[in-house]
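Chemist: Quick one: structure below, then a few questions.
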Amino acid sequence: MMREFVIENGIVIDDMDSVIDGIRTISGKEISDAETIRKFITEEKATKYYIDKKCTGKMQPDRDTVYLWLDSGYVDHNGNSIMISLLNNNFGGYTGHYFGTMDVLANAIKSYFPKNTRDINRNLSSLKNKYQNKIADRNHRHIDNEQEYLIMMCNGESGYSELESLINRLNIKFDDPIEEVQEIQPEVEAPEEHEPAYDMSFTEKEITVGLLFDTIDDMQDYINELLAELKKAGEDKAKLQELEKRNKDLEQALVEIRSFNGQHNTEPSEVKELTDGHDLLGRRGKILVLGATALDVKTMNGIAKLYGFKKDDFEYEVDYDKVVNFAGRSKLEKYSAVILGACPHKVQNLGDWSSLVEKCKNTEGMPIAIDARSRSGELKVTKESFREALLQICNELKCK
């Protein structure tokens, strides 16, 4: 029996269970509750697109509207947004349960209106560009992890941002202001104290701080490039020397911030003991992350930095479809370690091995092979499983 699910007045998904199952399959994400999708559609910006038979997309319906595409919040393995398509019921509402990427939905329109194929192709390209521009203003572009998304939404509703919550917990005390300034300050009633929506775990803190450091490093690289270009252009030498001095001061400040963070980081002990990943790796080769992941590369680099690794210590092959041909065109022996995410069972040139995972773990001369598994046992690179994999790699490298 099909289960109807009301997104809002006049917008109904008439078989929500099949929609959720389908999105789980093509996204590889866990979805425990239909309310997550409803919350995303109703509370994020630019989630509704009214489509006519030529695939022209508008933000409001008109007399030519045939379909309503709802952004589910999830993306497929290639990063394409998964939309839910509902049909205009001619009574001012929209009902249905069809879903897929924009390309899949556009192909369905072509099958009903084949004479409009050229217009559909042109308008689809325009719609994709409009979509990317619109979602830039969202608080959360997509749902990477259902639980984390719902927590962040709760934080937003309670008036706390993640960064604000993190800063509040650092307990950094500044020197008292100059007495003369204190004397002229008007008395202000102390603001009412609020309990934070939740206590940020150490894992969340370390990932957030790691990503901040990663961003600062990228900015520092950019500054160095600009200074180099200014030198080539023959700019005023005195001005360049002043800029270089300020740049060195900034670099020193970053070193001191890192030192402060390390001295005040009290848990867990195994992370403190393993902050020399790059040195352990040495010249043995890089770490390969192979298979589809639930994280983007920047997040993984941020986590790895907490274990002392550098961005250049890693190579990523996270396109699920490309992994099929990977074993045939790459020598895994050149890597020091391999972290295995979601991999297809059938890949080329495996010989007698039943899977790439089995080959890595049982062939002599192969690199350290770590299964990145979620708590449920699923082969999946998550924040937790990636941390555990790095920890295990560090321990094994120490023993070599």
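Going by this note's numbering, the residue at position 104 of the sequence shown is 104; the numbering climbs one at a time, nothing skipped. Where is the CB? At the ideal position from N, CA and C, for every residue including glycine. Quick caveat, the model's predicted, so the values are computed rather than measured.
(1) Taking 7 Å as the cut-off, decide whether the C-beta atoms of Leu-124 and Ala-136 are in contact.
(2) Compute the beta-carbon to beta-carbon distance between Ile-84 and Thr-65, rounded to the nearest angstrom, for a pair I have assumed lies under 8 Å.
(3) Measuring CA to CA, which of Ile-303, Met-16, Tyr-98 is closest to Ile-31?
(4) Figure out for me which residue from Ile-151, Asp-371, Leu-68, Phe-5 has the closest Cα to the Cα of Ala-389.
(5) Using C-beta distances below 8 Å, list every residue in its chain close to Gly-10, excluding the 5 sequence neighbours before and after it, in chain order.
(6) I'd like to know whether the C-beta atoms of Lys-110 and Thr-101 end up nearer to each other than 7 Å.
(7) Would a C-beta distance cut-off of 7 Å place Val-19 and Ile-13 closer than the cut-off?
(8) Just list the residues that DSSP pairs Asp-371 with in beta bridges.
(9) Whose C-alpha, out of Lys-39, Leu-86, Met-59, Gly-291, is nearest the C-alpha of Glu-146?
(10) Taking Cβ positions, are Gly-73 and Ile-23 nearer each other than 7 Å?
(11) Considering Met-59, what are the terminal residues of the beta strand (DSSP E) in which it resides?
(12) Closest to His-454 by CA distance: which of Glu-358, Met-366, Asp-319, Phe-314 is it?
(13) Taking C-beta to C-beta, are Leu-379 and Ala-337 nearer than 7 Å?
(14) Based on the DSSP output, what are the partners of Leu-281 in its beta bridges?
(15) Which one of Asn-89, Val-75, Gly-291 has the shortest CA to CA distance from Asp-103?
(16) Where does the unbroken beta strand (DSSP E) through Thr-403 begin, and where does it stop?
(17) Leaving out the 5 sequence neighbours to the left and right, which residues in its chain are closer than 7 Å to Cys-394 when beta-carbon positions are compared?
(18) DSSP beta-bridge partners for Leu-290?
(19) For the putative contact between Ile-339 and Val-289, defined by C-beta atoms under 8 Å, what is the C-beta separation to the nearest angstrom?
(20) Is it true that the CB of Ile-41 sits closer than 7 Å to the CB of Leu-68?
(21) Could you compute how far the alpha carbon of Glu-244 sits from the alpha carbon of Ile-216?
(22) Just to confirm my understanding: we take Glu-229, look at its own chain, exclude 5 residues before and 5 after, and list those with CB closer than 6 Å. What are they?
(23) Three-state secondary structure (DSSP) at Thr-95?
(24) To the nearest angstrom, how far is the alpha carbon of Leu-127 from that of Pro-114?
(25) For the putative contact between Glu-396 and Gly-365, defined by C-beta atoms under 8 Å, what is the C-beta separation to the nearest angstrom?
(26) Looking at the secondary structure, which residues open and close the beta strand (DSSP E) in which Gly-28 lies?
(27) Roughly how many angstroms lie between the CA atoms of Ala-238 and Cys-360, to the nearest whole one?
(28) Would Asp-119 pass as a contact of Lys-54 if the rule is Cβ separation under 7 Å?
(29) What does a CB cutoff of less than 8 Å around Tyr-335 pick up in its chain, not counting 5 residues either side in sequence?
(30) Within the same chain, show all residues whose beta-carbon is closer than 7 Å to that of Ile-37, passing over the 5 residues directly before and after it, in chain order.
(31) When burial is assigned at 16 or more other CB atoms within 10 Å of the CB, is Lys-48 buried or exposed?
(32) Where does the unbroken alpha helix (DSSP H) through Ile-303 begin, and where does it stop?
(33) Based on the DSSP secondary-structure assignment, which residues constitute the bridge partners of Tyr-74?
(34) Taking only three categories from DSSP, how would you classify Asn-89?
(35) If you follow the beta strand (DSSP E) that Ile-109 is in, where does it begin and where does it stop?
(36) For Lys-231, collect the residues of the same chain with a Cβ closer than 7 Å to its Cβ; drop the 5 residues on either side in sequence, then sort them by chain order.
Modeler: Taking the geometry as given:
(1) Result no, Cβ atoms of Leu-124 and Ala-136 do not sit closer than 7 Å.
(2) The Cβ separation is near 16 Å, so there is no contact.
(3) Met-16
(4) Asp-371
(5) Gly-92, Gly-93, Tyr-94
(6) no
(7) yes
(8) Leu-340.
(9) Lys-39
(10) no
(11) Note, Met-59: premise wrong, no beta strand (DSSP E); not H, not E.
(12) Residue 454 lies beyond the range of the chain shown here (1 to 400); nothing can be said about it.
(13) no
(14) Leu-281 pairs with nothing; no bridge assigned.
(15) Val-75
(16) As shown, the chain starts at 1 and ends at 400. That puts residue 403 outside it, with no answer to give.
(17) Leu-274, Gly-277, Leu-280, Tyr-307
(18) Its beta-bridge partners are Glu-317, Leu-340.
(19) Under the criterion of beta carbons closer than 8 Å, Ile-339 and Val-289 qualify as touching, at roughly 5 Å.
(20) no
(21) 17 Å
(22) none
(23) strand
(24) 19 Å
(25) Glu-396 to Gly-365, Cβ: 15 Å. No contact.
(26) Neither: Gly-28 is in no beta strand (DSSP E) and is coded neither H nor E.
(27) If you take the alpha carbons of Ala-238 and Cys-360, they lie about 57 Å apart.
(28) yes
(29) Gly-285, Lys-286, Ile-287, Leu-288, Glu-315, Pro-367
(30) Only Ser-72, Gly-73 meet the Cβ criterion.
(31) buried
(32) 297 to 305
(33) Answer by DSSP bridge pairing: none, since Tyr-74 is not bridged.
(34) coil
(35) Taken as a continuous stretch (DSSP letters only), Ile-109 belongs to no beta strand (DSSP E), being part of the alpha helix (DSSP H) at 102 to 112.
(36) Leu-240, listed in sequence order.
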